[in-house]
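Asker: Got a structure for you, questions after.
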Amino acid sequence: MKSRIICILLLLVGVSGIYAQSLTVTGKVVDNEGLEVIGGNVTVKGKQNTGTITDINGKYTITVSDPQKDVLVFSFIGLENMEVPVKGRKQIDVTMKAASVLLDEVVAIGYATVKRKDLTGSVASVRSDDLLKVPSSDVTQALAGRMAGVQIIQTDGQPGATMSVRVRGGISITQSNEPLYIIDGFPTEDGMSSLDPADIESIDVLKDASATAIYGARGANGVVVITTKSGAKSEGKATLTFDSYVGVRTLAKRLDVLSVEEFVLADYERTLGDATDPEESMRSWQNRYGGFVDLHENYGNRKGIDWLDRTMGRTTVTQNYRVGVNGGNDKLNYNMSYGYFKDEGAMVYSGSDKHNIALSVKSEVNKRLSVTGRINFDYLKVYGAGVAGNGTNEGGSNVDAKFNKMVQILQYRPTIGIRGNDSDLLAGEDPVLSDADGNVMQNPLIAAAEEKDNKETRTLQESQWRTDFQNHQRIDFPQQYGYALSALPPGAFLWRPIYYGKTQRYLRLYQEYGDRKFSDL
């Protein structure tokens, strides 16, 4: 009996020791202005099941299991997280600081920057992480669907084709609706197609009058402000990066086209409606397709040719490679990159190659003088047949719509008729599908093959340099220079005779002096 009593007493002593290890901590949480933080989270680090929130007076009560080792974590939206060791204290009061990252986020507008919380204009923004989610060589394509009020229009399906940007729709019928592009403070008319998406830090689109007023009439269609990546301080050590991806592409959905029998029947009905010479038209139809009573027998089980599958049904490969070097110190920061993008077009005999070299440098010469520079070289070669085509009718006028390859693919006949095999269907004019204006249909596969030697190149070189100098009155003199070159070699094959080939070159030189900034001495 005595031994049982002793055992029970020992157990009670052990339990009392365990309870003695826990500690109840109270305190008050305020912000850097002394205001109570209501609804703030107070948790024990590493213990997800232990936590509480502050009351209407900013006070809290929490129990910790290890008063010497436990750490309290204080968190609240808009304030920096804090970690405070308990160290046996029963009362811990905390003052939380505002999250500087959120408050200091700025948007570049003209010659100045504005904190996002103070911005009254309408601005849409995209960061680099969002751009890299879309594998594309064109920054404009990566923006599609990511900005409210910003529309991306693809005018041509050819690889390397430029895209148009519309900010809240077009406002002009006869003039350009393209916005003004500002790349690192430098105005350009070439858009964003020359930039590598991996070299961009952020894109801000200014959409209303209050945000674009500083640019005057040039900003009437909106302003696209692009900030490229700069070098990061790494104590003189360079960081080398290599990124690549390879993807395949094919048609997601095939069109449900007419069968051979349905096409011949539809053409028969079209022939019946010919009011010019119905008898001659019917004789021509019968010579090509046979008698109407034999239509099902001749074409009921005939497969014919699917021109969409022949011209755009292949599986293509897209490749992208990029090498970058980034580094710097307190005096010099630099960022260099080389990118290569190869795109096999969806249509046969088409594709594009793109090379991009970019260099950005920022040097703090001394306390008064700093130099910022950016050089960009972009080379694009587009070859082969695109979706859009060109042609002439008998009168010599341009009829692009009639020679659009999608129109040819959808309308060109899938069978040669009763006088041969469908595989013998040759290129050339198809009088059966010609219209009253003399526009004729052409075999889309052979039309694409005839354009496989077409080549178009574009070379764009840009350099931007900004010098900031502060004298004893703290006056800044920013200067910017730019040079761009675009070329279409004389040897390019166009739909017109070869002598229409030409080279286009242009030089732009900007020298802009920003507003002088005076401040109290």
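Residue numbers (mature numbering (1 follows the signal peptide of the UniProt record, and there is no 0)): -20 to -1, 1 to 501.
Where is the CB? At the ideal position from N, CA and C, for every residue including glycine.
Would DSSP call S156 helix, strand or coil?
Answerer: S156: coil per DSSP, three-state reduction.
Asker: Could you check which residue in I206, S264 and A429 has the C-alpha nearest to that of R399?
Answerer: Here the closest residue by C-alpha is S264.
Asker: Is the Cβ-Cβ distance between Q48 and G31 less than 9 Å?
Answerer: Against a cut-off of 9 Å, the Cβ pair of G31 and Q48 comes out as no contact.
Asker: Between T120 and Q388, what straight-line distance do the alpha-carbon atoms span, to the nearest angstrom?
Answerer: Distance between the alpha carbons of T120 and Q388 is about 29 Å.
Asker: State yes or no: is the C-beta of L360 within less than 9 Å of the C-beta of S332?
Answerer: Contact flag set, yes.
Asker: So, at 8 Å on beta carbons, what are the nonlocal neighbours of S2 in its own chain, with the 5 sequence-adjacent residues on each side left out?
Answerer: T43, V44, S45 and P47, listed in sequence order.
Asker: Three-state secondary structure (DSSP) at P177?
Answerer: It is helical.
Asker: Which partner residues does R282 have in the DSSP bridge list?
Answerer: In the DSSP output, where bridge partners are listed per residue, R282 has none listed.
Asker: Out of V297, A246 and T291, which has the shortest C-alpha to C-alpha gap to F272?
Answerer: With distances taken between Cα atoms, F272 lies closest to A246.
Asker: Using the C-alpha atoms, what's the distance from E13 back to N21?
Answerer: Cα to Cα, the separation comes out at about 19 Å.
Asker: Consult DSSP for N29 and reduce its assignment to one of helix, strand or coil.
Answerer: N29 falls in the strand class under three-state DSSP.
Asker: Do you know offhand how far I36's Cα is from A218's?
Answerer: Each residue's Cα considered, the two are about 51 Å apart.
Asker: What does the alpha-carbon distance come out to for the pair S174 and T256?
Answerer: So the alpha carbons of these two residues sit roughly 54 Å apart.
Asker: Taking the beta strand (DSSP E) that L349 falls in, what are its first and last residues?
Answerer: Here the beta strand (DSSP E) through L349 covers L349 to G364.
Asker: List the endpoints of the continuous beta strand (DSSP E) containing E60.
Answerer: Run containing E60: L59 to P65, per the beta strand (DSSP E) assignment.
Asker: Is residue 513 buried or exposed, if buried means 16 or more other CB atoms sit within 10 Å of its CB?
Answerer: As shown, the chain starts at -20 and ends at 501. That puts residue 513 outside it, with no answer to give.
Asker: Determine the contact status of A338 and T208, defining contact as a CB-CB distance below 9 Å.
Answerer: Their beta carbons are under 9 Å apart, which means A338 touches T208 by this criterion.
Asker: Could you tell me whether the Cβ atoms of A365 and K432 are closer together than 9 Å?
Answerer: Yes, Cβ-Cβ distance for A365 and K432 is below 9 Å.
Asker: In or out: V228 buried (at least 16 other Cβ within 10 Å) or exposed?
Answerer: So V228 counts as exposed.
Asker: According to the Cβ coordinates, are F56 and E63 closer than 9 Å?
Answerer: Contact: no.
Asker: May I ask you to report which of helix, strand or coil DSSP gives D254?
Answerer: In this structure, D254 counts as coil in the three-state DSSP scheme.
Asker: Tell me whether G196 is buried or exposed, calling it buried when 16 or more other Cβ atoms sit within 10 Å of its Cβ.
Answerer: With fewer than 16 other Cβ atoms within 10 Å, it is exposed.
Asker: For K435, which residues does DSSP report across the bridge?
Answerer: Answer is Y363, bridged to K435.
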